[in-house]
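**Q** Which chain is which? The protein sequence lines are H and R, in order. The first sequence maps to residues 130 to 244 in my numbering. The second sequence maps to residues 3 to 114 in my numbering. Positions of the beta carbon are idealized from the N, C-alpha and C atoms, including for glycine. These figures come from a predicted structure and were not determined experimentally. Pasting in a structure now, in C-alpha cells, and then I'll have a few things to ask.
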Amino acid sequence: DGGITQSPKYLFRKEGQNVTLSCEQNLNHDAMYWYRQDPGQGLRLIYYSQIVNDFQKGDIAEGYSVSREKKESFPLTVTSAQKNPTAFYLCASSSSRDSLRETQYFGPGTRLLVL
Amino acid sequence: LAKTTQPISMDSYEGQEVNITCSHNNIATNDYITWYQQFPSQGPRFIIQGYKTKVTNEVASLFIPADRKSSTLSLPRVSLSDTAVYYCLVGDMDTGRRALTFGSGTRLQVQP
Chain H
130 DGGITQSPKY LFRKEGQNVT LSCEQNLNHD AMYWYRQDPG QGLRLIYYSQ
180 IVNDFQKGDI AEGYSVSREK KESFPLTVTS AQKNPTAFYL CASSSSRDSL
230 RETQYFGPGT RLLVL
Chain R
3 LAKTTQPISM DSYEGQEVNI TCSHNNIATN DYITWYQQFP SQGPRFIIQG
53 YKTKVTNEVA SLFIPADRKS STLSLPRVSL SDTAVYYCLV GDMDTGRRAL
103 TFGSGTRLQV QP
C-alpha cells in the first residue's frame, strides 16, 4: 500500500530532552511538510521541504529541526528549546514542488506529551 | 493578517445540504482554492479544488464567483459521518513561500 507513515503514534518527552518524530512516504513525492495542531486549533506549518537536501522554515520553526537526506524520509526533531511541545504533529507530502496546487496527503499523526 | 476567513462552526441535520463559505479577499491571480476535511485525531483529507466558476466531484461542489474573493463548499445531503472540521486554503504568496496555510477551519456538526 502506498501512503505516509508516522511513528510513534504517541510520544512522551521529559523536560530538556530532544525527541525525533519519524515520517516516511512511499508515494515518490518530492515535497514533504510538518504541521503542528493544538487542541481545537488549525494546523500550523513548522517546516517544509520541496526537494532532497533542502528545507524551509514555516510559521513556527523555533525549537524544531528537520533533515531531508532521502526523498522518502523527513524526520522532525523537537528540541529542548521548544518550551510547549505538547501537540498533535502531522506530516504530509505532495507530488510536486508546487504545493499550492498539488494535493497534500497526510499521515496519521503523532501525539507528543510532556512528562 | 488572516489569509482566509470561515465561520467557526455550523450545525445541520442529516439529509440537508450544507454550504460553507470562505472569504479570501487577497487571493492572488494564480492561487487555487482548496478544501480539506479533518476528523478528530486524523490528518486532513483533500475534498476539492478549484480556480473559478464551479467544480463538482463525487463528494462536494465548489462555487467560486468571478471576483474569486470568496468560495463556497457545498455538501449535498449530509450524513452523521460528515461531522468534521473543514478547511479552506489559498496560496501564501505574501511571504513568497510556496506552501499552504491552514486557518482554524469550520467545525460542522451533523445531527440525526
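Which residue from H:194, H:181, H:219 puts its Cα closest to that of residue 209 of chain H?
**A** Here residue 209 of chain H refers to the residue found at position 80 of the first sequence. Comparing Cα positions, the closest option is H:194.
**Q** Going along the chain, which unbroken runs of the alpha helix (DSSP H) with 4 or more residues stay wholly within the region 15-96 of chain R?
**A** Whole alpha helix (DSSP H) segments, 4+ residues: zero.
**Q** Write down the C-beta distance between residue 242 of chain H and residue 215 of chain H rounded to the nearest angstrom, noting that I regard them as a contact closer than 8 Å.
**A** Your numbering for residue 242 of chain H matches position 113 in the first sequence. Your numbering for residue 215 of chain H matches position 86 in the first sequence. Yes, residue 242 of chain H and residue 215 of chain H are in contact; Cβ-Cβ is about 6 Å, under 8 Å.
**Q** For residue 232 of chain H, go through chain R and note every residue whose CB falls closer than 8 Å to its CB, in chain order.
**A** The residue given as residue 232 of chain H occupies position 103 in the first sequence. Those within 8 Å of residue 232 of chain H in chain R are 36, 48, 51.
**Q** Does the contact criterion of 3 or more C-beta pairs under 8 Å hold for the region 183-193 of chain H versus the region 5-15 of chain R?
**A** Not touching, per the Cβ criterion.
**Q** Helix, strand or coil for residue 225 of chain H per DSSP?
**A** Counting from 1 along the first sequence, the entry for residue 225 of chain H is found at position 96. Coil.
**Q** Between which residues of its own chain and residue 19 of chain R is the CB-CB distance below 8 Å, once the five residues before and five after are set aside?
**A** Walking along the second sequence from the start, residue 19 of chain R turns up at place 17. Result list for residue 19 of chain R: 76, 77, 78, 79, 80, in chain order.
**Q** Chain R beta carbons: is any one of them nearer than 8 Å to that of residue 237 of chain H?
**A** Against the first sequence, residue 237 of chain H aligns to sequence position 108. Residue 237 of chain H counts as touching chain R.
**Q** Could you please give the first and the last residue of the uninterrupted beta strand (DSSP E) stretch that includes residue 106 of chain R?
**A** The residue labelled residue 106 of chain R in the question sits at position 104 within the second sequence. No beta strand (DSSP E) contains residue 106 of chain R, which DSSP labels as neither H nor E.
**Q** Measuring CB to CB, does residue 49 of chain R end up less than 8 Å from residue 38 of chain R?
**A** Residue 49 of chain R sits at position 47 when you count from the first residue of the second sequence. Residue 38 of chain R sits at position 36 when you count from the first residue of the second sequence. Yes, Cβ-Cβ distance for residue 49 of chain R and residue 38 of chain R is below 8 Å.
**Q** Given a threshold of 16 other Cβ atoms within 10 Å of its Cβ, counted over all protein chains shown, does residue 132 of chain H qualify as buried or as exposed?
**A** Indexing the first sequence from 1 puts residue 132 of chain H at position 3. By the neighbour-count rule (16 or more Cβ atoms within 10 Å), residue 132 of chain H is not buried but exposed.
**Q** Ignoring anything shorter than 3 residues or poking outside the region 142-178 of chain H, list the beta strand (DSSP E) runs there in chain order.
**A** Fully enclosed beta strand (DSSP E) runs of 3 or longer: 148-154, 160-166.
**Q** Closest Cβ-Cβ distance between residue 7 of chain R and chain H: below 8 Å?
**A** Along the second sequence, one-based indexing puts residue 7 of chain R at 5. So, not an interface residue.
**Q** So, at 8 Å on beta carbons, what are the nonlocal neighbours of residue 172 of chain H in its own chain, with the 5 sequence-adjacent residues on each side left out?
**A** By 1-based counting over the first sequence, the position of residue 172 of chain H is 43. Around residue 172 of chain H: 164, 165, 166, 219.
**Q** Determine the chain R residues that contact residue 171 of chain H at a beta-carbon separation under 7 Å, and present them in chain order.
**A** Walking along the first sequence from the start, residue 171 of chain H turns up at place 42. Those are 89, 104, 105, 106, 107, listed as they occur along chain R.
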